[in-house]
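Enquirer: Right, I'll just put the structure down here and ask away after.
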Amino acid sequence: MEAKHDVLVIGAGCAGMRAAIEAHDAGADVALLSKIHPVRSHSGAAEGGINAALGNASDDSPEEHAFDTVKGSDYLGDQDAIQILCDEAPDDVYQLENWGAVFSRTEDGRIAQRPFGAAGEPRTAYAADITGHVLVHVLYEQVMKRDIPTYEEYFAWRLVMNDDRCQGVIAWDLLHGGLKSIGAKTVILATGGAGRLYVGTTNAYACTGDGMAMALRVGVALKDMEMMQFHPTTLAPTGVLITEGCRGEGAYLLNSENDRFLKRYAPNAMELASRDVISRAEQTEIDEGRGVEGNVLLDLRHLGADRILERLHGTRELSMTFAGVDPIYEPIPVRPGAHYHMGGVDADVWGQTSVTGLYAAGECACVSVHGANRLGGNALMETITFGKRAGRHAADWALSHTTVEVPRSTETDAARDLKQLLERTEGERPWSIRDELATTMHENFGVFRREEQMQEQGEIVARLRERYERVVVDDKGDVFNSDLTQALELGFLLELADCMVVSGIARKESRGAHARPDDFPSRDDEHYMKHTIVRVEDDRPQLEWRDVTMTKWQPQERKY
Amino acid sequence: MAHAIAPVPGSTTMELALKIWRYNAETGAKELRRYEVEAPDWATLLDVLDIVKDKHDGTLAYRKSCRMMICGSCGMRMDGAAVLACKTRMWDIAQSGHEPVISPMGNLPVVKDLVVDMSPFWGKIRAVKPWLEPGYDEVAEKERIVSQQQMNVIHKEALCIMCGCCVSECNSMESDPEFLGPAALAKGFRFVGDARDQTAPERLSDLNSEHGIWDCTRCYFCNERCPKGVDPRDAIAKLGAESIKEGIDHDMGAKHAKWFVTSAKTTGWLRETELVPKTQGIVSAIKQTKFALGLAKRGKVPPPVPPHVADRVKESRALYNLVKEQGRDGALGIVQGEHALGRIEFTEEAGVRELAPELQPGVEPPHAEG
């Protein structure tokens, strides 16, 4: 064991850093560990904003925020968790402002709030269109202020189980090479999403679901894994994100006939309907031949140059760089792309998993506040509120328990397995498996899902997993061996794909992001207002169901 | 801003060659290796590196993550100039047949291939105490009231993604590795300019010490190469202006700048003869008498008496007074100037563009039938 701490946070995006700050302030010896430097985390790519009922732009209340979130989740969100999120959100946002977050301001100098999809009020606090960037940096400033030790460029690979509880992690030190074991009384997973399962994704290369897969491997369940959100406005060909803030500011979505087609899908909310609704509408337009080279058009021109330059400066930069389009003059071609995993590590409202000492927060967790469809602006809020809660609980637990031990056998097993991978010289390199996985997931497990395609995808994933058993790593060196870590990431992704397909096939209804237009086009509350719970037993995903927690909101028909 | 002129994404592929400086940390071996790749037309430098790593050589090392210009991982040099690999479209280069040379960023130790050790970079960021000092510990009940205009003062500095491109190109740091450098100083201004921070005088005093703001040589390479429009040199100028406004002028750099103002105000010209004593002090200036006499002998020094006063010196004084009256000294003046310049640049760029004829701004497009 190289070192030990009270609390070890794996992943250093918004959830991870917020958790570490909270644990530190609770008096724990906490460390961060991340495969990339904290400010490189993908939370920084969040653009549009963070939802809290501050009431700065209208009369608003946590109650209303909660209702919008419950409805947005297509009634799959746990209502007790949603209530906590919405109640704690305002103070958590004030806290960020007090730490120095550079929020955009109203005329009277308060935090500005803009309308966002499926929200009844303008509730999304923002910093132009770089809100995530601003939050990542303000959190890192607070991490530096507290001098919280950070294992930078450490690739977390295996959780350490000892005495029936999680007591640390075994990680590959990217800069210097070698496996390092870091012991901890509590471990918080804050590793983000797994968008790299898809070829068209807003997610960074780093988003490979490491925490979810590591938890799965120590027997923790994953929840609602079929629920992958497709964001309606991503750029061809690779899926770079264009913020929902564009539509919040008033942008139109047009088809090839210059028609604001959403009037046929969401006549009231139009471009500010929920993401699942808009992505399906776009995909339908494209499939029925009213797309523009596989896209629809996001038109900002009527907003005018001033507003675009002030509030959507980053969007303009992205459009010009990656699409060659200046949104002041031309509409931006956009299409749905994989964006956010509502599903994740099964965790309670304190981030606790079924394994003692193991917590999860942020996108890698499923508490669940997003259910079957997340509202724009709720992800950043979740990272902060539930990051804080996990940090607090993990610190309290750690401070009342004493021992940490990483068994020698765990270390030697890990070393042996890694050596075996590195010494293999004959076989396939991982990239072709990676590309095939991402292409087929997009094709067969995308915006619309069909039984035969999901079945086929299950078989494809099984074959890819077999091929993965024989992959070869080109780089045998110790220093910055990203060839090795990318191979390990692919292993994580393949296991998650398996869980997603199994859950998707089992959910015989259409709810939120899981749309089965051919065989089960409507929601079935009687049978499926339940979470899918997947564990791996004998190397195969095993599925169970768990009822949604309801408090006061009865399911209604969902219209925008 | 240059527009990437490329065909419709995905319609074709391109062939290109590039040379990459490989560095093996374990053996210390350095080698410039050439790769030929086929890439989709939309490929960026980062995409091309991915193709090299996947299909040609898995040992190639570089950092990457977001591939959308926000995480700051992929700073490196192309043909000697720092770029973000994910922002650099390769189509034009491929068409020209040029073979770019890719190397790691400068001013930071190389770890392997295109990966540099960023710890000196982060050490300097930490040195500027990069966190808000609001003057109290407990959380205020709500947010602090700050106008958008006040927030705009630090808008550009808040865009910084800490990629290190400016540091890579910094000439001053090349000669003095201890120099705080453009990224850390821009971060410093992010707090000095923040209306919520209560420690601006202390911060300015720190930033005025050795290796601080006055060691910048004003080569403007940081502004030139910043991929996000942060303009670190302008942040350094704002720190200078704020320092002088606060009366923190002990550094020779500050004295030098102040003398420019004084001499422009009094005579409308730069009074060079007095520049050295005013900047370096009398004692130091006396030591340079021999050098000054040499200059004088060759006609390089104007006679100090009588002072050379410009014809329309009143204009220069009026300008000085106007800036004072309007409160445009200090950082705010520079910030306001930036906004005005931004508008001019945008309008100039817009001058060559025409609105798409089928749609007009402000008018909802006609609905199709059905």
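Taken in sequence, the protein lines are chains X and D. Per the numbering used here, the first sequence starts with residue 1066, numbered consecutively. Per the numbering used here, the second sequence starts with residue 4, numbered consecutively. Ideal placement from N, C-alpha and C gives every residue a C-beta, glycine not left out.
Using the beta-carbon of each residue, which ones in chain D are nearer than 8 Å to alanine 1131 of chain X?
Expert: None at all; the shortest Cβ gap to chain D is about 21 Å.
Enquirer: Quick one: which chain X residues come within Cβ less than 9 Å of isoleucine 148 of chain D?
Expert: Going along chain X in sequence order, the residues near isoleucine 148 of chain D (Cβ under 9 Å) are Arg1170, Asp1173, Gly1174 and Arg1175.
Enquirer: Let me see if you follow: with CB-CB separation under 8 Å, is leucine 1423 of chain X close to chain D or not?
Expert: No, its Cβ sits nowhere closer than 8 Å to a Cβ of chain D.
Enquirer: Is the shortest distance between the beta-carbon of leucine 135 of chain D and the beta-carbons of chain X less than 8 Å?
Expert: It does; some Cβ of chain X falls within 8 Å.
Enquirer: Going along chain D, which residues have a C-beta under 7 Å from lysine 1649 of chain X?
Expert: Lying outside 1066 to 1625, the shown extent of chain X, residue 1649 of chain X is not represented and no answer is given.
Enquirer: Going by Cα to Cα distance, which pick from X:His1102, X:Pro1103 and X:Val1135 is closest to glutamine 1619 of chain X?
Expert: If we check each option's Cα against that of glutamine 1619 of chain X, X:Val1135 comes out closest.
Enquirer: Quickly, what does DSSP pair aspartate 1238 of chain X with across the bridge? List them, please.
Expert: DSSP output for aspartate 1238 of chain X lists X:Tyr1219 as bridge partner(s).
Enquirer: Buried or exposed: glycine 365 of chain D, going by 16 or more other Cβ atoms within 10 Å of its Cβ?
Expert: Caution is warranted here: a pLDDT of 46 is assigned to glycine 365 of chain D, below 50, making its placement in the model unreliable, and the coordinate value is therefore given only provisionally. Answer is exposed; the Cβ neighbour count stays below 16.
Enquirer: For arginine 1340 of chain X versus proline 1297 of chain X, is the C-beta spacing smaller than 8 Å?
Expert: Yes, the pair counts as a contact, with Cβ atoms nearer than the cut-off.
Enquirer: Using 8 Å as the limit for Cβ to Cβ distance, is glutamate 29 of chain D near chain C?
Expert: The structure shown has no chain C; the protein chains it does contain are X and D.
Enquirer: If we count the other Cβ atoms within 10 Å of its Cβ and call it buried at 16 or more, is serine 1568 of chain X buried or exposed?
Expert: Classification for serine 1568 of chain X: buried.
Enquirer: For the segment 65 to 79 of chain D, which residues have a CB atom closer than 9 Å to at least one CB atom of chain X, in sequence order?
Expert: So the list reads Tyr65, Arg66, Lys67, Ser68, Cys69, Arg70, Met71, Met72, Ile73, Cys74, Gly75 and Ser76, given in the order they occur along the chain.
Enquirer: Please list, in chain order, all residues of the same chain as valine 1264 of chain X whose beta carbon is under 7 Å from its beta carbon, the five residues on each side excluded.
Expert: Taken in chain order, the residues that qualify are Ala1503, Thr1504 and His1507.
Enquirer: Among residues of its own chain, excluding the 5 on either side of glycine 1165 of chain X, which ones have a beta-carbon nearer than 6 Å to its beta-carbon?
Expert: Within the same chain, glycine 1165 of chain X has close Cβ partners Val1203.
Enquirer: Hey, is aspartate 1229 of chain X's beta-carbon within less than 8 Å of any beta-carbon in chain D?
Expert: So, not an interface residue.
Enquirer: For the candidate residues X:Thr1468, X:Ser1344, X:Arg1400 and X:Arg1528, whose alpha-carbon lies nearest to that of cysteine 1231 of chain X?
Expert: Measuring from the Cα of cysteine 1231 of chain X, the nearest candidate turns out to be X:Thr1468.
Enquirer: Mind reading off the beta-carbon distance from glycine 1185 of chain X to glutamate 1129 of chain X? Whole number of angstroms is fine, and I expect it under 8 Å.
Expert: Confirmed, about 6 Å.
Enquirer: Around the C-beta of cysteine 229 of chain D, are 16 or more other C-beta atoms found within 10 angstroms, so that it is buried, or is it exposed?
Expert: Per the 10 Å Cβ criterion, buried.
Enquirer: Along the chain, where does the alpha helix (DSSP H) that runs through tryptophan 1462 of chain X open and close?
Expert: That run of the alpha helix (DSSP H) goes 1443 to 1464.
Enquirer: With a CB to CB cut of under 6 Å and the five nearest residues on each side skipped, what residues in its chain are close to valine 1390 of chain X?
Expert: Cβ neighbours of valine 1390 of chain X beyond the five flanking positions: Ser1384 and Ile1397.
Enquirer: So is valine 86 of chain D buried or exposed if we call it buried at 16+ other beta carbons inside 10 Å?
Expert: Valine 86 of chain D is buried by the Cβ-count criterion.
Enquirer: DSSP three-state label for isoleucine 1149 of chain X, please.
Expert: Isoleucine 1149 of chain X: helix per DSSP, three-state reduction.
Enquirer: Let me see if you follow: with CB-CB separation under 8 Å, is methionine 154 of chain D close to chain X or not?
Expert: So yes, methionine 154 of chain D belongs to the interface.
Enquirer: With contact counted as at least three CB pairs below 8 Å, one residue from each stretch, are the segment 194 to 202 of chain D and the segment 216 to 234 of chain D in contact?
Expert: Contact between the segment 194 to 202 of chain D and the segment 216 to 234 of chain D is absent, because fewer than three Cβ pairs lie under 8 Å.
Enquirer: Would you say phenylalanine 1451 of chain X reaches chain D, if we count a Cβ-Cβ gap shorter than 8 Å as a contact?
Expert: Closer than 8 Å: no.
Enquirer: Determine the chain X residues that contact glutamine 151 of chain D at a beta-carbon separation under 7 Å, and present them in chain order.
Expert: Residues of chain X passing the Cβ test: Ser1169 and Arg1170.
Enquirer: Does the segment 1456 to 1468 of chain X come within contact of the segment 1081 to 1092 of chain X, defined as at least 3 CB pairs closer than 8 Å?
Expert: Yes: at least three Cβ pairs fall under 8 Å.
Enquirer: Quick one: residues in its chain with C-beta nearer than 7 Å to the C-beta of glutamine 1621 of chain X, no 5 flanking neighbours on either side, listed in chain order?
Expert: Closer than 7 Å at Cβ, skipping near neighbours: no residue.
Enquirer: Please check if any C-beta of chain D sits within less than 8 Å of the C-beta of alanine 1077 of chain X.
Expert: No, because no Cβ of chain D sits closer than 8 Å to the Cβ of alanine 1077 of chain X.
Enquirer: For proline 1401 of chain X, which option in X:Val1613, X:Leu1464, X:Leu1549 and X:Asn1360 has the closest C-alpha, if you only look at C-alpha atoms?
Expert: Of the listed residues, the one whose Cα sits closest to proline 1401 of chain X is X:Asn1360.
Enquirer: Between the alpha carbons of valine 1420 of chain X and aspartate 1229 of chain X, how many angstroms are there, rounded?
Expert: Distance between the alpha carbons of valine 1420 of chain X and aspartate 1229 of chain X is about 7 Å.
Enquirer: Can you list, in chain order, the residues of its chain whose CB lies under 7 Å from that of alanine 189 of chain D, leaving out five sequence neighbours each side?
Expert: Closer than 7 Å at the Cβ level, and outside the excluded window around alanine 189 of chain D, lie Glu160, Cys163, Val233, Pro235 and Ala238.
Enquirer: Quick one: grab the DSSP three-state call for tyrosine 1593 of chain X.
Expert: Of the three classes helix, strand and coil, the one that applies to tyrosine 1593 of chain X here is helix, per DSSP.
Enquirer: Please identify the residue among D:Gly126, D:Gly336 and D:Asp50 whose C-alpha is closest to the C-alpha of cysteine 69 of chain D.
Expert: Closest option to cysteine 69 of chain D, Cα to Cα, is D:Asp50.
Enquirer: Rounded to the nearest angstrom, what separates threonine 30 of chain D and glycine 1242 of chain X at their Cα positions?
Expert: For threonine 30 of chain D and glycine 1242 of chain X, the distance between alpha carbons rounds to 15 Å.
Enquirer: Any beta carbon of chain X sitting closer than 8 Å to that of isoleucine 96 of chain D?
Expert: Taking Cβ atoms only, chain X never reaches closer than 8 Å to isoleucine 96 of chain D, which makes this a no.
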